[in-house]
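These notes concern the structure reproduced below.
Number of protein chains: 4
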Amino acid sequence: MSTPIRVTIWNEFRHEKKNEAVKKLYPAGMHATLAEALKKRPGLEIRLASLDDAEHGLTEQVVSGTDVLIWWGHVAHSEVKDEIVTRVQKRVLEGMGLIVLHSGHFSKIFKRMLGTNCSLKWREAAEKERLWNLEPGHPITQGIGDYFELPNEEMYGERFDIPTPDKLIFVSWFEGGEVFRSGCCWERGHGRIFYFRPGHETYPTFHNENVQKVIGNAVFWAAPRIIQADSCPNYQPLEKIAPKDAQFGKAGVLQESKL
Amino acid sequence: MSTPIRVTIWNEFRHEKKNEAVKKLYPAGMHATLAEALKKRPGLEIRLASLDDAEHGLTEQVVSGTDVLIWWGHVAHSEVKDEIVTRVQKRVLEGMGLIVLHSGHFSKIFKRMLGTNCSLKWREAAEKERLWNLEPGHPITQGIGDYFELPNEEMYGERFDIPTPDKLIFVSWFEGGEVFRSGCCWERGHGRIFYFRPGHETYPTFHNENVQKVIGNAVFWAAPRIIQADSCPNYQPLEKIAPKDAQFGKAGVLQESKL
Amino acid sequence: MSTPIRVTIWNEFRHEKKNEAVKKLYPAGMHATLAEALKKRPGLEIRLASLDDAEHGLTEQVVSGTDVLIWWGHVAHSEVKDEIVTRVQKRVLEGMGLIVLHSGHFSKIFKRMLGTNCSLKWREAAEKERLWNLEPGHPITQGIGDYFELPNEEMYGERFDIPTPDKLIFVSWFEGGEVFRSGCCWERGHGRIFYFRPGHETYPTFHNENVQKVIGNAVFWAAPRIIQADSCPNYQPLEKIAPKDAQFGKAGVLQESKL
Amino acid sequence: MSTPIRVTIWNEFRHEKKNEAVKKLYPAGMHATLAEALKKRPGLEIRLASLDDAEHGLTEQVVSGTDVLIWWGHVAHSEVKDEIVTRVQKRVLEGMGLIVLHSGHFSKIFKRMLGTNCSLKWREAAEKERLWNLEPGHPITQGIGDYFELPNEEMYGERFDIPTPDKLIFVSWFEGGEVFRSGCCWERGHGRIFYFRPGHETYPTFHNENVQKVIGNAVFWAAPRIIQADSCPNYQPLEKIAPKDAQFGKAGVLQESKL
Chain A
0 MSTPIRVTIW NEFRHEKKNE AVKKLYPAGM HATLAEALKK RPGLEIRLAS LDDAEHGLTE
60 QVVSGTDVLI WWGHVAHSEV KDEIVTRVQK RVLEGMGLIV LHSGHFSKIF KRMLGTNCSL
120 KWREAAEKER LWNLEPGHPI TQGIGDYFEL PNEEMYGERF DIPTPDKLIF VSWFEGGEVF
180 RSGCCWERGH GRIFYFRPGH ETYPTFHNEN VQKVIGNAVF WAAPRIIQAD SCPNYQPLEK
240 IAPKDAQFGK AGVLQESKL
Chain B
0 MSTPIRVTIW NEFRHEKKNE AVKKLYPAGM HATLAEALKK RPGLEIRLAS LDDAEHGLTE
60 QVVSGTDVLI WWGHVAHSEV KDEIVTRVQK RVLEGMGLIV LHSGHFSKIF KRMLGTNCSL
120 KWREAAEKER LWNLEPGHPI TQGIGDYFEL PNEEMYGERF DIPTPDKLIF VSWFEGGEVF
180 RSGCCWERGH GRIFYFRPGH ETYPTFHNEN VQKVIGNAVF WAAPRIIQAD SCPNYQPLEK
240 IAPKDAQFGK AGVLQESKL
Chain C
0 MSTPIRVTIW NEFRHEKKNE AVKKLYPAGM HATLAEALKK RPGLEIRLAS LDDAEHGLTE
60 QVVSGTDVLI WWGHVAHSEV KDEIVTRVQK RVLEGMGLIV LHSGHFSKIF KRMLGTNCSL
120 KWREAAEKER LWNLEPGHPI TQGIGDYFEL PNEEMYGERF DIPTPDKLIF VSWFEGGEVF
180 RSGCCWERGH GRIFYFRPGH ETYPTFHNEN VQKVIGNAVF WAAPRIIQAD SCPNYQPLEK
240 IAPKDAQFGK AGVLQESKL
Chain D
0 MSTPIRVTIW NEFRHEKKNE AVKKLYPAGM HATLAEALKK RPGLEIRLAS LDDAEHGLTE
60 QVVSGTDVLI WWGHVAHSEV KDEIVTRVQK RVLEGMGLIV LHSGHFSKIF KRMLGTNCSL
120 KWREAAEKER LWNLEPGHPI TQGIGDYFEL PNEEMYGERF DIPTPDKLIF VSWFEGGEVF
180 RSGCCWERGH GRIFYFRPGH ETYPTFHNEN VQKVIGNAVF WAAPRIIQAD SCPNYQPLEK
240 IAPKDAQFGK AGVLQESKL
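Chains as they are written, first to last, in numbering that gives the first Met the number 0: chain A, 0 to 258; chain B, 0 to 258; chain C, 0 to 258; chain D, 0 to 258.
Structure (structure tokens):
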């Protein structure tokens, strides 16, 4: 793991430009608001990237120099180029952390990493959300008590179409009557993935102290424990292999290349 | 679940045409050999498909009429069209079962479903493999005792780059000194996935009675428990939502479409 | 699996004798009410047992003749004898199904099977509970739609101190603001365990059609797939072991008994 | 987490007193050998305890002052008092780490934490064991390459009767033909548990550098992330509960004590 942890906050950054209400909440973009919050934590080096940057701001150099990538997208998932998604996926499997926020549940990268539809029920009614902490000992929930509340959020309801999380750390209660697995951890390849539900663009969620705390904690949790390139090696035997019938080839003699 | 279970056995079907040794073992293709074996089990309706068929034999009609898809591929993974992979993935998430054999670990569909590289160590030395049964109560291991052996197989060794299986049912011991998670179960969407390691084309593995038994058992295990199309519904509240500050919209009033 | 499935419904059966309100709801006991409901499903053979029966109604003969054991307890957990708990645990590990209801979360058998405290938040306020179905394809949720409601229930809230369930199938929303993992599946040994949250004695929960349906489904899901006694065998080698230095004993010669 | 991490190494400490061969390998006991090895790692404060100490060396004070408990037992599992096992279990659930070695698979504490029989196949033939590293990114495998070998060990073979590990990090290959899940991680309550297979008393396993490294790594991994006493609180509603029918009590009024 590098010191400091190099964080890239990726934001689609479209709502903030077009929607006055969103612009008012996040004048420089949600990623900038998050960056301000994360800067308060020592040990992080933060960079911003967004959809309309060249290569979406995720050049080979940026991705290979990122320890933890935070992702927010919504209306323009389809504009993210497949080759960039492949680049990010490759890096996560090598060990980079990935934190996917809110409507990023439908991003190409999240669906690519998990293999499922990642669909859910939803409603925009500015309703109350209460996130219950199921894992008080988990690094991501440090400083969060039994629960925290957001007075106005979009509702996401189950069934959330995801693989069973390795660890489920938050479950949300919604004013309108639904529940949701709001904090989910997975490991894929050598990388760690955290999905965190809150963060609708029309609400001041990313100004919320607990939301900032969770995302900050998640950055430390998701930081690489190892970075290791993929390989599929032809491997020499460690033990003697008995002589074989000629039909199937000689013992221990490698017969053709795989790739 | 339909009665009978409609099984499609997909085979790349290239080795059998080009390699004399493989042709001798599987004159009509490995899929045909498997079909012969599966026909002995009542309740299955079996169809064959292969890479060089139109749409790889996996038309919309075939896929939507398949309960369990068995997949063997090796040298031509890259020739499988992405839109067919997407079609199959969609169907698995709706509930279709997927059984991936041996070198199918590197198939597009397997990597798509799991999100990882699915890489491993490998060696072709006709060596002995012994598959240990970790779950004697699992439907897939019925009729298999503590273990079974294959006198000649390709070696696959750990680390196998997969998400932690929901259930690990076989672990292989190899003569040359390696181990491998040889029988792995996952659920994705509404579908079930089983990866089964043995099955190298130059060995008579698919003529082996235990291999046939495991694959047959897996068909019954993976048969759909439900078929349900994906949706991401805008959902009306079940409880009264308190009036909200005008800044964030009225309670319970849905404000924009998501998709 | 035996045909029919032999179900034993175990009830502490104390509240129904002492509390008029409970007696009115369940004149013959909650177990009797459940038995009436389950009798409507073909293929089940149902027996009742309760705390004040000899050996709590769980003699060696009863336990070894039970395929699925349903458990409800509350005020008298401590009166259940440890040797009976050991007997039941042994049978679950051999393959018997175990369904634990509501306040059974604090029963000796549940804590024994899981190894954790199984504690939670709670409140008796006759409030509304809505159980969301996370796994529409799971056998236990068949016939249940997206959710079902109970107008009056005790509240159980997270953190529920349990091992991560193998499969989480229901999450509850409570009127008073909490959430709970209400339907949890585990496998232990060869047996299957299902915890189902609802069922407070002062409410007519076990008369609820959906509750009955879930419990009935769970019986079929938890029915033994295998019954296999525990063993820890001294095992002969399958491969030749090379001669060893005299210091550590001869190859393949077993040196002392383990048990 | 305390600084330094307070480690208690518990050893049954019987073989070393009675068996000359064992005494020669471990003159002061296996726990003392391990302590020597662990002392090389900064940040650990190490204490020894054994079966024949008062309260097995695990007084309330010792247990509450332990961050990580290492456990080795074999012939005298049954002599460990149940109340001490209960004390240790309580502390693990509060957050203490537990590392169980080799024949500790049959210890009361391990079976108590996991709820299963923890049985396996076994053979003492001084054979070769090769432990394959499945999780190169896991803290416990740092400094271990793809695998490491032990020239002489007891064999343990599958099926190992344990709950599916949260994370499987080592799988062993044995000269005699078996495989085993040799490094298994679980979380229970707030505590972490690591089972590590090697360590038969008649072999110099605890002098092996890789074994020492793994156990040392595991101590850091298992160190408490939180220490939190169990509770099952009667909880006040966070939302207004609608007035209820008199039959079931008034909204939000707590009606009887649970415990």
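All C-beta atoms, glycine included, are put in the ideal place defined by N, C-alpha and C.
Could you tell me which whole beta strand (DSSP E) segments of length 3 or greater appear in the segment 21-100 of chain C?
43-49, 67-71 and 96-100
At what residues does the beta strand (DSSP E) containing R191 (chain D) begin and finish?
G190 to F195
Using a C-beta cutoff of 9 angstroms, does V144 (chain A) count as contacting chain D?
Looking at the sequence provided, one finds Gly at residue 144 (chain A) rather than Val. By this cut-off, G144 (chain A) is not an interface position.
For the alpha helix (DSSP H) containing K16 (chain C), list its first residue and its last residue.
Looking at the DSSP string, the run of the alpha helix (DSSP H) that includes K16 (chain C) is H14 to K17.
Jot down the residue ranges of each uninterrupted alpha helix (DSSP H) in the segment 101-178 of chain C, minimum 4 residues, whole runs only, in chain order.
107-113
Hey, how far is the Cα of C117 (chain B) from the Cα of P236 (chain C)?
32 angstroms
Return the residues of the segment 194-225 of chain A that lie within a Cβ-Cβ distance of less than 9 angstroms from chain D, sorted by chain order.
Against chain D - using a Cβ distance shorter than 9 angstroms - the residues of the segment 194-225 of chain A are P223, R224 and I225.
In the DSSP assignment, find the unbroken beta strand (DSSP E) run with N216 (chain D) in it and report its ends.
It is not in any beta strand (DSSP E) - N216 (chain D) instead sits in the alpha helix (DSSP H) that spans E208 to A221.
Coarse secondary structure for T269 (chain B), derived from DSSP in three states
No answer is possible for residue 269 (chain B): the residues shown for chain B start at 0 and end at 258.
Any C-beta of chain B under 9 angstroms from that of T115 (chain D)
no
Return the residue from the list C:W121, C:R90, C:E128 and C:E54 that minimises the CA-CA distance to S102 (chain C).
C:W121
Please tell me whether N151 (chain B) has its Cβ less than 9 angstroms away from any Cβ of chain D.
no
Heavy atom of the ligand FAD within 8 angstroms of H189 (chain C) beta-carbon:
This structure lacks the ligand FAD; in fact it carries no ligand of any kind.
Between G28 (chain D) and chain A, is the shortest Cβ-Cβ distance under 9 angstroms, so that the two count as touching?
Judged by the 9 angstroms Cβ criterion, G28 (chain D) is not in contact with chain A.
What are the start and end residues of the beta strand (DSSP E) that includes N233 (chain B)?
From DSSP, N233 (chain B) is part of no beta strand (DSSP E); its letter is neither H nor E.
If contact means a Cβ-Cβ distance below 8 angstroms, which residues of the segment 22-47 of chain B contact chain A?
none
Presumed contact (8 angstroms Cβ cut-off) between Y155 (chain C) and L119 (chain C), rounded CB distance:
Confirmed, Cβ separation roughly 5 angstroms.
Are there 16 or more other CB atoms within 10 angstroms of the CB of K17 (chain B), so buried, or fewer, so exposed?
A residue is called buried when at least 16 other Cβ atoms come within 10 angstroms of its Cβ; K17 (chain B) does not meet this threshold and is exposed.
Flag this pair as touching only if the segment 2-19 of chain A and the segment 47-67 of chain A have three or more C-beta atom pairs under 8 angstroms; answer yes or no.
yes
Pick out whichever of B:K80, B:L37 and B:A125 has its Cα sitting closest to the Cα of D292 (chain A).
Because chain A here runs from 0 to 258, residue 292 (chain A) falls outside it and cannot be looked at.
Would you check if the distance between the CB atom of R111 (chain A) and the CB atom of G182 (chain B) is smaller than 9 angstroms?
no
Distance, V6 (chain D) Cα to P41 (chain D) Cα:
12 angstroms
Chain C partners of P242 (chain B), CB-CB under 7 angstroms?
Taking the beta carbon of P242 (chain B) as reference, no residue of chain C falls within 7 angstroms; the closest one sits roughly 19 angstroms away.
Around the Cβ of P242 (chain C), are there at least 16 other Cβ atoms within 10 angstroms (buried) or fewer (exposed)?
exposed
Using C-beta distances below 7 angstroms, list every residue in its chain close to A20 (chain A), excluding the 5 sequence neighbours before and after it, in chain order.
Only T201 meet the Cβ criterion.
Per DSSP, T7 (chain D) is paired with what?
Under DSSP, T7 (chain D) shares a beta bridge with D:R46 and D:L68.
Pick from C:D229, C:G56, C:T32 and C:C184 that is closest to P203 (chain C), judged by C-alpha positions
With distances taken between Cα atoms, P203 (chain C) lies closest to C:T32.
Whole angstroms are fine: how far does the CA of T85 (chain C) sit from the CA of S77 (chain D)?
15 angstroms
Burial state of Q60 (chain B), where buried means 16 or more other Cβ atoms lie within 10 Å
exposed
Min CB distance G175 (chain D) to chain C below 9 angstroms:
yes
Compare the C-beta of Q88 (chain B) with all C-beta atoms of chain C and state if any pair is closer than 9 angstroms.
no
Contacts that P236 (chain D) makes with chain C (C-beta to C-beta distance below 9 angstroms)
R122, A124, E126, M154, F173, E174, G175, G176 and E177
Residues of chain C with CB closer than 7 angstroms to the CB of P138 (chain B), please, in chain order.
R224
Quick check on this structure: which residue in D:W185, D:G176, D:A217 and D:E174 has the alpha carbon closest to the alpha carbon of K166 (chain D)?
D:W185
Taking C-beta pairs closer than 9 angstroms, name the residues in chain F that E157 (chain A) reaches, listed in chain order.
Absent here is chain F; the protein component of the structure consists of chains A, B, C and D.
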